[in-house]
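In my numbering, the protein residues as written are 59 to 284. Even for Gly, the Cβ is constructed at its ideal location relative to N, Cα and C. First up is the structure itself, then whatever we jot down about it.
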(Lines of atoms letter the chains of each structure in order from A and count residues from 1; the text may use other names and numbers.)
(Lines give C-alpha, C1' and ligand atoms only; values in the text may rest on other atoms or scores of the structure.)
Protein backbone atom coordinates (compact mmCIF):
# COMPACT_ATOMS: atom_id res chain seq x y z
CA UNK A 1 0.00 0.00 0.00
CA UNK A 2 2.90 2.39 0.63
CA UNK A 3 4.18 3.97 3.81
CA UNK A 4 2.44 6.83 5.51
CA UNK A 5 4.43 10.11 5.69
CA UNK A 6 5.82 10.91 9.09
CA UNK A 7 4.56 13.92 11.01
CA UNK A 8 5.56 17.05 9.08
CA UNK A 9 6.70 15.10 6.01
CA UNK A 10 5.16 16.23 2.74
CA UNK A 11 2.69 14.15 0.77
CA UNK A 12 4.16 13.17 -2.59
CA UNK A 13 2.27 12.02 -5.67
CA UNK A 14 2.89 11.32 -9.34
CA UNK A 15 0.60 12.22 -12.22
CA UNK A 16 -0.87 9.26 -14.08
CA UNK A 17 -3.29 8.99 -17.02
CA UNK A 18 -6.93 8.11 -16.49
CA UNK A 19 -6.68 5.25 -18.99
CA UNK A 20 -3.67 3.37 -20.35
CA UNK A 21 -3.67 0.35 -22.61
CA UNK A 22 -1.69 -1.67 -25.12
CA UNK A 23 -3.42 -2.16 -28.45
CA UNK A 24 -2.79 -5.56 -30.02
CA UNK A 25 -3.33 -7.14 -33.43
CA UNK A 26 -6.38 -9.38 -33.74
CA UNK A 27 -5.38 -10.89 -37.09
CA UNK A 28 -2.19 -12.02 -38.77
CA UNK A 29 -1.42 -9.46 -41.49
CA UNK A 30 1.14 -6.98 -42.78
CA UNK A 31 1.03 -3.44 -41.39
CA UNK A 32 0.07 -1.17 -44.28
CA UNK A 33 -0.07 2.19 -42.53
CA UNK A 34 0.61 3.69 -39.10
CA UNK A 35 -1.23 6.98 -38.75
CA UNK A 36 0.33 8.20 -35.50
CA UNK A 37 3.83 8.25 -34.05
CA UNK A 38 5.14 8.32 -30.52
CA UNK A 39 3.97 11.43 -28.68
CA UNK A 40 1.30 12.34 -31.24
CA UNK A 41 -2.32 12.91 -30.30
CA UNK A 42 -5.40 11.23 -31.70
CA UNK A 43 -9.17 11.33 -31.30
CA UNK A 44 -11.45 8.48 -30.31
CA UNK A 45 -12.36 6.44 -33.37
CA UNK A 46 -9.37 7.56 -35.47
CA UNK A 47 -7.68 4.76 -37.41
CA UNK A 48 -4.32 4.30 -35.71
CA UNK A 49 -3.07 1.32 -37.72
CA UNK A 50 -4.31 -0.22 -40.98
CA UNK A 51 -3.35 -3.69 -42.19
CA UNK A 52 -2.97 -4.98 -45.74
CA UNK A 53 -6.11 -7.09 -45.96
CA UNK A 54 -6.37 -7.57 -49.74
CA UNK A 55 -6.78 -11.34 -49.31
CA UNK A 56 -9.39 -10.99 -46.58
CA UNK A 57 -11.36 -8.45 -48.63
CA UNK A 58 -11.27 -10.75 -51.67
CA UNK A 59 -12.56 -13.60 -49.52
CA UNK A 60 -15.35 -11.35 -48.22
CA UNK A 61 -16.31 -10.37 -51.76
CA UNK A 62 -16.45 -14.05 -52.71
CA UNK A 63 -18.61 -14.82 -49.67
CA UNK A 64 -21.01 -12.00 -50.54
CA UNK A 65 -21.30 -13.21 -54.11
CA UNK A 66 -22.06 -16.72 -52.87
CA UNK A 67 -24.70 -15.34 -50.50
CA UNK A 68 -26.31 -13.37 -53.32
CA UNK A 69 -26.47 -16.49 -55.46
CA UNK A 70 -27.91 -18.52 -52.57
CA UNK A 71 -30.58 -15.85 -51.96
CA UNK A 72 -31.62 -16.04 -55.62
CA UNK A 73 -31.77 -19.83 -55.51
CA UNK A 74 -33.99 -19.73 -52.42
CA UNK A 75 -36.32 -17.21 -54.08
CA UNK A 76 -36.60 -19.31 -57.24
CA UNK A 77 -37.14 -22.51 -55.26
CA UNK A 78 -39.87 -20.87 -53.20
CA UNK A 79 -41.76 -20.11 -56.41
CA UNK A 80 -41.15 -23.60 -57.80
CA UNK A 81 -42.37 -25.11 -54.53
CA UNK A 82 -45.60 -23.15 -54.89
CA UNK A 83 -45.97 -24.59 -58.38
CA UNK A 84 -45.12 -28.04 -56.97
CA UNK A 85 -42.36 -28.55 -59.53
CA UNK A 86 -39.79 -29.31 -56.81
CA UNK A 87 -40.05 -31.10 -53.50
CA UNK A 88 -39.80 -29.57 -50.04
CA UNK A 89 -36.51 -31.37 -49.40
CA UNK A 90 -34.85 -29.60 -52.31
CA UNK A 91 -36.17 -26.28 -51.07
CA UNK A 92 -34.92 -27.00 -47.53
CA UNK A 93 -31.46 -27.85 -48.86
CA UNK A 94 -31.33 -24.50 -50.65
CA UNK A 95 -32.32 -22.74 -47.44
CA UNK A 96 -29.55 -24.52 -45.54
CA UNK A 97 -27.01 -23.55 -48.20
CA UNK A 98 -28.21 -19.95 -47.93
CA UNK A 99 -27.69 -20.04 -44.15
CA UNK A 100 -24.17 -21.40 -44.60
CA UNK A 101 -23.37 -18.68 -47.13
CA UNK A 102 -24.73 -16.05 -44.75
CA UNK A 103 -22.53 -17.38 -41.93
CA UNK A 104 -19.43 -17.29 -44.17
CA UNK A 105 -20.24 -13.72 -45.18
CA UNK A 106 -20.64 -12.67 -41.53
CA UNK A 107 -17.34 -14.33 -40.59
CA UNK A 108 -15.57 -12.59 -43.47
CA UNK A 109 -17.03 -9.23 -42.47
CA UNK A 110 -15.89 -9.76 -38.87
CA UNK A 111 -12.33 -10.50 -39.98
CA UNK A 112 -12.23 -7.53 -42.35
CA UNK A 113 -13.41 -5.23 -39.56
CA UNK A 114 -10.21 -6.09 -37.70
CA UNK A 115 -8.09 -4.76 -40.58
CA UNK A 116 -8.03 -1.35 -38.88
CA UNK A 117 -7.22 -0.52 -35.27
CA UNK A 118 -9.36 2.40 -34.04
CA UNK A 119 -8.47 4.65 -31.11
CA UNK A 120 -10.40 3.55 -27.98
CA UNK A 121 -10.35 7.09 -26.55
CA UNK A 122 -8.85 10.56 -27.07
CA UNK A 123 -5.20 10.37 -26.18
CA UNK A 124 -1.54 10.09 -27.15
CA UNK A 125 0.84 7.39 -28.31
CA UNK A 126 3.34 6.38 -25.63
CA UNK A 127 5.27 3.77 -27.57
CA UNK A 128 5.12 2.39 -31.10
CA UNK A 129 5.92 -1.33 -31.06
CA UNK A 130 5.62 -2.17 -34.78
CA UNK A 131 6.71 -0.63 -38.08
CA UNK A 132 5.06 -0.30 -41.48
CA UNK A 133 5.40 -3.40 -43.70
CA UNK A 134 6.01 -5.58 -40.63
CA UNK A 135 3.95 -8.79 -40.46
CA UNK A 136 2.13 -9.19 -37.16
CA UNK A 137 0.62 -12.18 -35.41
CA UNK A 138 -2.69 -12.22 -33.50
CA UNK A 139 -2.10 -10.89 -30.00
CA UNK A 140 1.09 -9.01 -30.91
CA UNK A 141 1.43 -5.60 -29.22
CA UNK A 142 1.13 -2.66 -31.62
CA UNK A 143 0.90 0.59 -29.66
CA UNK A 144 0.94 1.74 -26.04
CA UNK A 145 -1.59 4.56 -25.70
CA UNK A 146 -2.88 6.69 -22.86
CA UNK A 147 -5.72 9.09 -22.17
CA UNK A 148 -4.26 12.20 -20.57
CA UNK A 149 -7.42 14.30 -20.86
CA UNK A 150 -7.73 13.78 -17.11
CA UNK A 151 -4.55 13.37 -15.07
CA UNK A 152 -4.84 11.64 -11.72
CA UNK A 153 -2.61 11.35 -8.69
CA UNK A 154 -2.59 8.64 -6.04
CA UNK A 155 -1.19 9.13 -2.54
CA UNK A 156 -1.57 7.82 0.99
CA UNK A 157 -3.18 9.71 3.88
CA UNK A 158 -3.96 8.82 7.53
CA UNK A 159 -7.20 6.86 7.74
CA UNK A 160 -8.47 9.26 10.44
CA UNK A 161 -8.59 11.95 7.73
CA UNK A 162 -11.58 10.16 6.22
CA UNK A 163 -13.75 11.95 8.77
CA UNK A 164 -13.38 15.11 6.68
CA UNK A 165 -11.67 13.99 3.45
CA UNK A 166 -14.45 12.93 1.09
CA UNK A 167 -14.80 12.62 -2.71
CA UNK A 168 -15.29 16.12 -4.11
CA UNK A 169 -12.91 17.74 -1.60
CA UNK A 170 -10.73 20.33 -3.32
CA UNK A 171 -7.02 21.00 -2.73
CA UNK A 172 -3.87 21.74 -4.74
CA UNK A 173 -0.70 20.05 -5.91
CA UNK A 174 2.65 21.75 -6.56
CA UNK A 175 4.31 20.08 -9.57
CA UNK A 176 8.11 19.95 -9.47
CA UNK A 177 8.68 20.08 -13.22
CA UNK A 178 6.61 23.23 -13.84
CA UNK A 179 7.06 25.04 -10.53
CA UNK A 180 3.32 25.78 -10.47
CA UNK A 181 0.35 24.70 -8.40
CA UNK A 182 -2.79 23.15 -9.85
CA UNK A 183 -6.31 22.50 -8.54
CA UNK A 184 -7.20 18.94 -7.59
CA UNK A 185 -10.48 17.33 -6.62
CA UNK A 186 -10.61 14.08 -4.69
CA UNK A 187 -12.32 11.43 -6.81
CA UNK A 188 -11.88 8.10 -5.02
CA UNK A 189 -11.03 6.70 -1.61
CA UNK A 190 -9.43 3.27 -1.30
CA UNK A 191 -11.66 0.40 -0.27
CA UNK A 192 -9.25 -0.89 2.39
CA UNK A 193 -7.45 0.73 5.32
CA UNK A 194 -3.99 -0.63 6.02
CA UNK A 195 -4.24 -2.00 9.57
CA UNK A 196 -0.53 -1.59 10.31
CA UNK A 197 0.03 2.01 9.20
CA UNK A 198 -3.61 3.08 9.66
CA UNK A 199 -3.47 4.69 6.23
CA UNK A 200 -5.58 4.63 3.09
CA UNK A 201 -4.84 5.31 -0.56
CA UNK A 202 -6.83 8.10 -2.20
CA UNK A 203 -7.04 9.42 -5.76
CA UNK A 204 -7.51 12.95 -7.02
CA UNK A 205 -7.94 14.40 -10.52
CA UNK A 206 -6.43 17.61 -11.87
CA UNK A 207 -9.22 20.10 -12.42
CA UNK A 208 -8.99 21.65 -15.89
CA UNK A 209 -6.71 21.22 -18.88
CA UNK A 210 -3.08 22.28 -18.60
CA UNK A 211 -1.01 21.49 -21.74
CA UNK A 212 2.27 21.70 -19.84
CA UNK A 213 1.37 18.76 -17.62
CA UNK A 214 2.33 15.22 -18.61
CA UNK A 215 1.93 11.79 -17.11
CA UNK A 216 4.90 10.91 -14.91
CA UNK A 217 5.42 14.39 -13.45
CA UNK A 218 5.42 14.50 -9.66
CA UNK A 219 4.93 16.99 -6.90
CA UNK A 220 3.81 17.88 -3.40
CA UNK A 221 0.18 17.49 -2.40
CA UNK A 222 -0.95 20.59 -0.52
CA UNK A 223 -3.41 18.97 1.82
CA UNK A 224 -3.71 19.07 5.59
CA UNK A 225 -6.43 18.57 8.23
CA UNK A 226 -8.75 21.52 8.81
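Next on the checklist: On a Cα-Cα basis, can you pick out the residue from 211, 128 and 92 that is closest to residue 232?
Outcome noted: Closest by alpha carbon: 211.
Next on the checklist: For a test of the three-state rule: what should DSSP assign to residue 262, helix, strand or coil?
Outcome noted: strand
Checklist entry - Using the beta-carbon count (16 or more within 10 Å), is residue 277 buried or exposed? => result So residue 277 ends up on the buried side.
Next on the checklist: My parser needs the beta strand (DSSP E) runs of 3 or more residues fully inside the region 194-222; what are they?
Outcome noted: 199-216
Checklist entry - For residue 279, which residues from the same chain have a beta carbon less than 6 Å from its beta carbon, with the 5 sequence-adjacent residues on both sides left out? => result So the qualifying residues of the chain are 69, 71, 213 and 231.
Checklist entry - How would you call residue 114, buried or exposed, if buried means at least 16 neighbouring beta carbons within 10 angstroms? => result It counts as buried.
Checklist entry - Rounded C-beta distance between residue 121 and residue 162? I'm assuming under 8 Å. => result Rounded, the Cβ-Cβ distance is 5 Å, consistent with contact.
Next on the checklist: Taking 8 Å as the threshold (C-beta atoms), are residue 190 and residue 91 in contact?
Outcome noted: yes
Next on the checklist: Cutting at 7 Å between CB atoms, please list the residues of its own chain near residue 84, excluding the five before and the five after it.
Outcome noted: In its chain, beyond the 5 residues on either side, 172 and 196 have a beta carbon closer than 7 Å to the beta carbon of residue 84.
Item to check | Per-residue DSSP class, three states only, for residue 276 | outcome: strand
Checklist entry - Looking only at its own chain, which residues have a Cβ that is under 8 Å from the Cβ of residue 98, when we skip the five neighbours before and after it? => result 182 and 183
Next on the checklist: Rounded to the nearest angstrom, what separates residue 250 and residue 78 at their Cα positions?
Outcome noted: 24 Å
Item to check | Sequence-distant residues of the same chain with beta carbon closer than 8 Å to residue 146, five excluded per side | outcome: If we look at residue 146 and ignore the five residues flanking it on each side, its Cβ neighbours are 139.
Item to check | Short Cβ contact (8 Å threshold) for residue 263 with residue 238 | outcome: no
Checklist entry - What's the C-alpha gap between residue 281 and residue 245? => result Approximately 15 Å, taken between the alpha carbons.
Next on the checklist: Can you tell me which residues form a DSSP beta bridge with residue 281?
Outcome noted: Beta-bridge pairing links residue 281 to no other residue.
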